[in-house]
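*Asks:*
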Amino acid sequence: LLSDMIPPSLVPLKSIYAAILETFQMAILGTVLGSLVSVPLSVLAASNITPNKFVNMCSRTLIAIARTVPDLVWALFFVIIVGLGPLAGALTLFVDTIGFAGRFFAESIEEIDNDPKKALTAIGATHIGVMFSSVFPLTLPSFINTTLFSLERAVQSSVLLGFVGAGGIGMLLEEPMTWHNYDQAATVVLIIFFMLYIVEQISARLRNMLFSQTKFRRGRLIELT
2 LLSDMIPPSL VPLKSIYAAI LETFQMAILG TVLGSLVSVP LSVLAASNIT PNKFVNMCSR
62 TLIAIARTVP DLVWALFFVI IVGLGPLAGA LTLFVDTIGF AGRFFAESIE EIDNDPKKAL
122 TAIGATHIGV MFSSVFPLTL PSFINTTLFS LERAVQSSVL LGFVGAGGIG MLLEEPMTWH
182 NYDQAATVVL IIFFMLYIVE QISARLRNML FSQTKFRRGR LIELT
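All residue numbers for the sequence shown refer to the working numbering, where the first residue is 2 and numbers rise by one.
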């Protein structure tokens, strides 16, 4: 296999740029929409914010379903509904992000210090006011980290989704592997490796930069309350 893959062929480079762009579009769209939907779901799933057990259970069940069903199953499901292409991939990553981010968002809310929330409630703050003045500022670093990790996972998952026709760079890898053109497959694999490495490095830098900015704000909020 290695002898067939070396040296890599330059043939796939003709269509690789469009596939990379499509992969990032799928990942960003699925992650952004999934993270936005995960915020209200996580609030309803957090027992210290939403005491209603029925609402709590329903929210946790939705998050669990999105998390436990494999990505490829969701991809096949959406390919049947909307057809082949990146829309099916984006919808798959959207559901996958809800399952991943929703769980960790809810856990972050449940782990916060309740003293600022109690202090704001004692001075007459509304429930929404407590959420935006206490809960979200305290959980913001965790939300940011989870969202960036979700983006990394989305880029990685989009590679596999291409094998079932859900768009992205994985579709370029499926054809040469099927026809045993391993030199072309090697080129796609190398590009995928560098693409994932760059995404990981950018994500790590953004997490460090944003965490250093929010750490002071979080400490200041606890000090004031």
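Glycine included, every Cβ here is placed at the ideal spot set by N, Cα and C.
Please give me, in chain order, every unbroken run of the alpha helix (DSSP H) with length at least 4 that falls completely inside the region 95 to 169.
*Replies:* Fully enclosed alpha helix (DSSP H) runs of 4 or longer: 116 to 123, 128 to 131 and 137 to 162.
*Asks:* Check residue 11 in the structure and name its three-state DSSP category.
*Replies:* Coil.
*Asks:* Does DSSP classify residue 50 as helix, strand or coil?
*Replies:* In the structure shown, residue 50 sits in coil (DSSP, three-state: anything other than H, G, I, E or B).
*Asks:* Less than 7 angstroms between C-beta atoms, sequence neighbours within five positions excluded: which residues of the same chain meet that for residue 34?
*Replies:* Excluding sequence neighbours, residue 34 sits near 95.
*Asks:* Could you work out which residue in 141, 129 and 156 is closest to residue 50 when comparing CA atoms only?
*Replies:* The shortest C-alpha separation from residue 50 is found at 129.
*Asks:* Cβ of residue 144 within 8 angstroms of Cβ of residue 101?
*Replies:* No, the pair does not count as a contact, with Cβ atoms beyond the cut-off.
*Asks:* Consult DSSP for residue 209 and reduce its assignment to one of helix, strand or coil.
*Replies:* Here residue 209 sits in helix by DSSP.
*Asks:* In whole angstroms, what separates the C-alpha of residue 176 from that of residue 22?
*Replies:* Cα to Cα, the separation comes out at about 19 angstroms.
*Asks:* Determine the direct distance from the alpha carbon of residue 117 to that of residue 91, and round the result to whole angstroms.
*Replies:* Between residue 91 and residue 117, the C-alpha separation is close to 38 angstroms.
*Asks:* Please state whether DSSP places residue 190 in a helix, a strand or coil.
*Replies:* It is helical.
*Asks:* When DSSP labels each residue in this structure, what does residue 41 get in the three-state scheme?
*Replies:* In this structure, residue 41 counts as helix in the three-state DSSP scheme.
*Asks:* Using alpha carbons as the reference points, say which of 39, 60, 37 and 38 lies closest to residue 48.
*Replies:* For the residues 39, 60, 37 and 38, the minimum Cα distance to residue 48 belongs to 60.
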